[in-house]
Every structure is written in C-alpha cells, then in structure tokens.
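The next block holds one structure in the form of structure tokens; read it before the comments.
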Amino acid sequence: MSWKIFAILSALFAGMTAVLAKVGVKNISSNLATFIRTIVIIVFLGVIVFIRREWKNPLLIDKHGLIFLIASGITTGLSWLCYFRALQAGPASLVAPIDKLSLVFAVVLSMLFLGERLGVYQWLGICLITSGALIIIFK
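587 is the number of the first residue of the sequence shown in my numbering; add one for each residue after it.
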C-alpha cells in the first residue's frame, strides 16, 4: 500500500481517538487516562510485533537510532499528557484541530533539522492549516 493510504488512515484513527478519549476521560484524571491508553498501545503493538516476528533486542539496535526513538517516546508521552488534559477541560471539536498544529511544527522542524524543502503548494497548505487553527483558537 502507498504511504498516502497509511497517512490518511493515521488521520482517521487520530480523529477517532479525540472523540473516544473525550468520552473516556470524563470521570477520571487525564494522567490515569493516558496511562491506560499507553498500556493498551503496548499490549496491542506487542501482539503485532510477536505475530509478525519482528522482535529484536533493543540493546542490539543502532545506538543513534535508539536514542532518537527514546526521545521520540518522551515527546509522545508529553504530547499525550497535554492532549488528554486539554480534552478533559475543553471540547474535542476545538482541542483536536488545535492539536493538529503539530503538522505545522513537524514541517518547520523537518526543514530546520532534516533539510527538507517545501514547494509553493505545500507552503499554501501549511498557511491554511495555521490560519484555520488560529481562527479556532481566537474565534
């Protein structure tokens, strides 16, 4: 399958996540909700890795890559903690679009640190995403 299909599925599942998490975080702390979600993800991915026979000893993985995966895990955890706290306090219909400013941050960071470049249409898209989020924030 094309990477674009996976990207669209990712967006669909992320959208579903916002609605499901909003209901789930209603009567418990956002930190506990994040913890439960993380356990589910660990078990779910553990089963996938086991079934596909993709397990490798993490200590045998390239150290450079492992360091960046650990850093990515930490930033993911921080993102989830903030996201669940925002969902607990605000409406999912506003929290989720603001959270998608992560797209803008990812593009800017990929340009700064990975040397990626954007064309005119990509810049237009980033400007529209930013404008939409700002409209939602400052309605």
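Just so you know, even glycine gets a beta-carbon here, dropped at the ideal spot from N, CA and C.
Per DSSP, the unbroken alpha helix (DSSP H) holding M697 starts and ends at S688 to L700. In the structure shown, R623 falls within a helical segment according to DSSP collapsed to helix, strand and coil.
A direct Cα-Cα distance of roughly 14 Å separates A597 from I684. For a cut-off of 8 Å, the C-beta gap from A607 to L673 is around 5 Å, short enough to register as a contact.
Per DSSP, R703 is not a residue of any alpha helix (DSSP H), being assigned neither H nor E.
In the pairwise beta carbon analysis, the region 628 to 642 is classified as not touching the region 684 to 695: fewer than three pairs are separated by under 8 Å. Close CB contacts of V605 within its chain, under the 7 Å cut and outside five residues either way in sequence, are with A678 (chain order). With a threshold of 16 other beta carbon atoms within 10 Å, S616 meets it and is buried.
Counting along the chain, L646 sits inside no alpha helix (DSSP H), nor does DSSP assign it H or E at all. For the 8 Å CB-CB criterion, F670 and V609 do not form a contact. At a Cβ-Cβ threshold of 8 Å, W641 and V633 do not count as neighbours.
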